[in-house]
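Novice:
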Amino acid sequence: MTASLTPSADAAQPASAAKPPLEILLCAPRGFCAGVVRAIDVVERALAIYGPPVYVRHEIVHNKYVVESLKRKGAVFVRELDEVPDGQAPVIFSAHGVAKTVPANAVSRNLVTIDATCPLVTKVHREAEIHHKRGRHVLLVGHSGHPEVVGTMGQLPKGSITLVEDIDQIEALTPEDPDNLAWVTQTTLSVDDTRHIVAALKAKFPNITGPHKDDICYATTNRQEAVKQVAPLVDALIVVGSSNSSNSQRLREVAERVGVPITRLVNRAEEIDWDAFANIRKLGLTAGASAPEVLVEEIIDAFATRYDVTVDTVSTVIEDMSFPLPRELRSEAAE
Ligand code: 10E
Ligand code: SF4
403 MTASLTPSAD AAQPASAAKP PLEILLCAPR GFCAGVVRAI DVVERALAIY
453 GPPVYVRHEI VHNKYVVESL KRKGAVFVRE LDEVPDGQAP VIFSAHGVAK
503 TVPANAVSRN LVTIDATCPL VTKVHREAEI HHKRGRHVLL VGHSGHPEVV
553 GTMGQLPKGS ITLVEDIDQI EALTPEDPDN LAWVTQTTLS VDDTRHIVAA
603 LKAKFPNITG PHKDDICYAT TNRQEAVKQV APLVDALIVV GSSNSSNSQR
653 LREVAERVGV PITRLVNRAE EIDWDAFANI RKLGLTAGAS APEVLVEEII
703 DAFATRYDVT VDTVSTVIED MSFPLPRELR SEAAE
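403 is the number of the first residue of the sequence shown in our numbering; add one for each residue after it.
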């Protein structure tokens, strides 16, 4: 049997063994965005004001650890409002936003509602509404079935907004009035894919109107940019995040497209397939907009039990965005 300098596939090195070196390049910015911080604060504030249970329609953000932590504090996650009992316990709408029918249904049942929709998602809702009021048919660039897409489509009457998922679908579009169209986007898309889709829309419909660039938010853009900077420097890249998190999935995709040989999206250190990381010397590490920093630290610690780790940060921009809580939860109003 030949001796190997690479870490054991399935176990941490004993403390006495020399560990192979590993440089971790931490992407910055990474992790929580302003909309996620606000949404989690909304649930925690509602728990403090109303006491448990507070109901949350859909995962407040797409992160298993966040959802489980809030469950332990008394949040009850439901798929639809019919799972919320009548009474004074509030129901919170998730950061991804909801169709207009959802608050309307809540009003008809006299439910107490709190809207944790990210203000940057609400901005897209308003854009779509304005286009509709001006008589334009709206094309929404986004991923079918994602709750943000369901919420944005649900701002307008059926038939007045059409989903465009990829460039191939554009050819088949035959709008009634091709000169009276507008486009909006999901906030967490791939910046590069969206640029191509928008260019194809403009090529086919020269009079289409839309945002200056797109509706992809600052957090999505910045996290993708940081991965682009780090990707050419590393042998592998880990994104901390849950599999239903669109923005986290896009980060892994960006790294893969740049050509990083090993890319993984993981919730926790326990999900790391150590065999895949056996021969690496440089690891890129980032986190989706809904993934807490404590899980990034957990992953660094897990690598440190197997490698002699050095950590450097590659920072592309400093973020200082924050959003105020919904009015009814601000301390003056809540007291
Ligand atoms: O799946 P998404 O990336 O849209 O959601 P997330 O909960 O992982 O991250 C926050 C992003 C939101 C709320 C959508 N703009
Ligand atoms: Fe808001 Fe962007 Fe965060 Fe979504 S990813 S919650 S749009 S800041």
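Positions of the beta carbon are idealized from the N, C-alpha and C atoms, including for glycine.
The structure presented is a predicted model; accordingly, all values stated were derived computationally and were not measured.
Could you check where the beta strand (DSSP E) with residue 684 kicks off and where it finishes?
Specialist: Note, residue 684: beta strand (DSSP E), 684 to 689.
Novice: Have a look at the DSSP bridge pairing and note the partners of residue 457.
Specialist: Answer by DSSP bridge pairing, in chain order: 478, 493.
Novice: Taking the alpha-carbon positions, what's the residue 499 to residue 551 distance?
Specialist: Rounded to the nearest angstrom, the two C-alpha atoms are 9 Å apart.
Novice: Can you look up residue 693 in the DSSP assignment and give me helix, strand or coil?
Specialist: If DSSP states are grouped into helix, strand and coil, residue 693 belongs with coil.
Novice: Identify the continuous alpha helix (DSSP H) that holds residue 446 and give its terminal residues.
Specialist: Unbroken alpha helix (DSSP H) run through residue 446: 436 to 452.
Novice: When the distance is taken between beta carbons, is residue 440 closer than 8 Å to residue 705?
Specialist: Result no, Cβ atoms of residue 705 and residue 440 do not sit closer than 8 Å.
Novice: What residue ranges within the segment 581 to 651 form continuous beta strand (DSSP E) runs of no fewer than 3 residues, ordered along the chain?
Specialist: If we require 3 residues or more, the beta strand (DSSP E) runs fully inside the segment 581 to 651 come out as 583 to 587, 638 to 642.
Novice: So what's residue 717 in DSSP terms, helix, strand or just coil?
Specialist: The answer is strand: DSSP assigns residue 717 an E or B state.
Novice: If I follow the unbroken beta strand (DSSP E) through residue 740, where does it start and stop?
Specialist: Examination of residue 740 is not possible in this model, given that the chain is present from 403 through 737 alone.
Novice: If the criterion is Cβ atoms closer than 8 Å, does the pair residue 671 and residue 701 meet it?
Specialist: In contact: residue 671 and residue 701 (Cβ atoms closer than 8 Å).
Novice: What is the DSSP secondary structure of residue 527, reduced to helix, strand or coil?
Specialist: Residue 527: helix per DSSP, three-state reduction.
Novice: Roughly how many angstroms lie between the CA atoms of residue 732 and residue 509, to the nearest whole one?
Specialist: Spanning the two alpha carbons is a distance of roughly 22 Å.
Novice: Using the beta-carbon of each residue, find all residues closer than 6 Å to any heavy atom of the ligand SF4 and list them in chain order.
Specialist: Having a Cβ closer than 6 Å to some heavy atom of the ligand SF4 are 435, 436, 437, 438, 497, 520, 522, 523, 589, 590, 619, 621, 622, 649, 691.
Novice: Can the beta-carbon of residue 438 be found closer than 8 Å to that of residue 445?
Specialist: It is not a contact, given that the beta carbons lie outside the stated cut-off.
Novice: Contact criterion: CB-CB distance below 8 Å. Does residue 503 meet it with respect to chain B?
Specialist: Reference to chain B is not applicable here, since this structure consists of a single protein chain.
Novice: Give the straight-line distance between the Cα atoms of residue 640 and residue 698, rounded to the nearest whole angstrom.
Specialist: Looking at the two C-alpha atoms, the distance is approximately 10 Å.
Novice: In this structure, what does DSSP give as the bridge partners for residue 423?
Specialist: Looking at the DSSP assignment, residue 423 forms a beta bridge with 710.
Novice: Name the residue from 675, 718, 692, 645 whose alpha carbon lies nearest to the alpha carbon of residue 708.
Specialist: Per the Cα distances, 675.
Novice: Hey, residue 688 and residue 628: beta-carbon distance below 8 Å or not?
Specialist: Cβ atoms of residue 688 and residue 628: closer than 8 Å.
Novice: Indicate the three-state DSSP secondary structure (helix, strand or coil) for residue 501 in the structure shown.
Specialist: Coil.
Novice: Does residue 563 come out as helix, strand or coil in the three-state DSSP assignment?
Specialist: Three-state result, residue 563: strand.
Novice: Just tell me which of 703, 717, 682, 716 has its CA closest to the CA of residue 365.
Specialist: Residue 365 lies beyond the stretch modelled for the chain, which goes from 403 to 737, so this question has no answer here.
Novice: Per DSSP, which one or two residues make a beta bridge with residue 666?
Specialist: DSSP, once it has assigned bridges, lists 640 as partnering residue 666.
Novice: Using a Cβ-Cβ cut-off of 6 Å (strictly less than) and excluding sequence neighbours within five positions of residue 633, which residues of its own chain qualify?
Specialist: Taken in chain order, the residues that qualify are 657, 660, 662.
Novice: For residue 566 versus residue 529, is the C-beta distance shorter than 8 Å?
Specialist: Going by C-beta atoms, residue 566 is not nearer than 8 Å to residue 529.
Novice: If you measure from the CB of residue 721, is any heavy atom of the ligand 10E nearer than 7 Å?
Specialist: Not so, every heavy atom of the ligand 10E lies at least 7 Å from the Cβ.
Novice: Over what stretch of residues does the beta strand (DSSP E) that includes residue 516 continue unbroken?
Specialist: Residues 515 to 517.
Novice: Got a sec: does the ligand 10E put a non-hydrogen atom nearer than 7 Å to the Cβ of residue 624?
Specialist: For the ligand 10E, not one heavy atom lies less than 7 Å from the Cβ of residue 624.
Novice: Helix, strand or coil, according to DSSP, for residue 430 in the structure here?
Specialist: Strand, per DSSP.
Novice: Can you look up residue 543 in the DSSP assignment and give me helix, strand or coil?
Specialist: In the structure shown, residue 543 sits in a strand (DSSP, three-state: E or B).
Novice: In three-state DSSP terms, what is residue 576?
Specialist: Reduced to three states, the DSSP call for residue 576 is coil.
Novice: Among the residues of its own chain, which have a CB less than 7 Å from the CB of residue 604, if the five just before and after it don't count?
Specialist: Taken in chain order, the residues that qualify are 610.
Novice: State yes or no: is the C-beta of residue 583 within less than 8 Å of the C-beta of residue 539?
Specialist: Cβ atoms of residue 583 and residue 539: closer than 8 Å.
Novice: Terminal residues of the continuous alpha helix (DSSP H) containing residue 551?
Specialist: Counting along the chain, the alpha helix (DSSP H) containing residue 551 begins and ends at 549 to 555.
Novice: Go ahead and pull the three-state DSSP assignment for residue 512.
Specialist: Note: residue 512 maps to coil in three-state DSSP.
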